[in-house]
Every structure is written in C-alpha cells, then in structure tokens.
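Below is one structure; the comments refer to it alone.
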Amino acid sequence: MKIKDIPVCFEICGITHRVIFEDHDQVENKSGSYDPVTATITLYRYSRGRKLTEEVIYNTFLHEIMHAVFIAIEEYDLSDNEQLVQNTANILNSIISTAKYIQHEDPNHQI
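So the sequence shown is numbered by our numbering: it starts at 409 and just counts up by one.
Now the structure itself:
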C-alpha cells in the first residue's frame, strides 16, 4: 500500500480521527504515534535518521489504528501490548494488500 492510500481522517465509534504527517520524530526513535486526547495519528517520514518507505509508513498507520481501536473499546491493556498491536497491524496489512475485488456487478463472477 502507498501513502496515497492513507486517509486524512476517519471515524472510530463515531469519533473523527485525524492523520497528520511530520518529517521527523523529535522525541523518540519511532515511526508514528497515536494521541487519544486529540484523536490524532501522527506518521513520521523519517526515523532514526533514515527515510521510511511507503510500506513502513502504511504499516505504521495500521499499527496506530489498532492502538485507537483498543482504546475506543476500553481495552487499555491490549493497546499497551506492542507485540499484539504490531501483529494485528501486520495481519490487517496482509488482508488489505491481498484483497481481490469484483470490478463489475456480475454475481457469477469467479475470482
């Protein structure tokens, strides 16, 4: 997936979430963050002095979405479990990137 596939906003449980891009993570060496107070996902273009690929940025977007989802359903311990969050983001990325769609209204169309 590409950066163009990342929305500027979306809703989780009726709350609008924003997505913003910043060039560098100034505080820690990470590729993104989620702020539940402002419902904002921040994605960084550079981390640890290196430019991040579009694939890494997209996967980071999914990672931060999972933090937002777990917080929205008040599963704070799950949101704090970085391995679970990353594994779930990886699975979502696999589903989204391999999905096949019917391009027309033919109900008999076989993939």
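Note that the Cβ used here is the ideal one computed from N, Cα and C, for glycine as well.
DSSP state of residue i, grouped into three classes?
i, result
"L451", "strand"
"I420", "strand"
"V445", "coil"
"K438", "coil"
"K459", "strand"
Since I believe residue j is in contact with residue i (beta carbons under 8 Å), could you give me their beta-carbon distance rounded to a whole number of angstroms?
i, j, result
"R426", "T461", "Not really, about 23 Å apart at Cβ, beyond 8 Å."
"F429", "R453", "6 Å"
"T450", "G440", "6 Å"
Please tell me whether residue i and residue j are closer than 8 Å, where the distance is taken between their beta carbons.
i, j, result
"I364", "I465", "Outside the shown range of the chain, which is 409 to 519, sits residue 364, and nothing can be said about it."
"P444", "I414", "no"
"N437", "S455", "yes"
| task | For the segment 467-479 and the segment 487-501, state whether three or more C-beta atom pairs, one from each stretch, are separated by less than 8 Å. | result | A contact between stretches requires three or more CB pairs, one per stretch, nearer than 8 Å, and the segment 467-479 meets this requirement with the segment 487-501.
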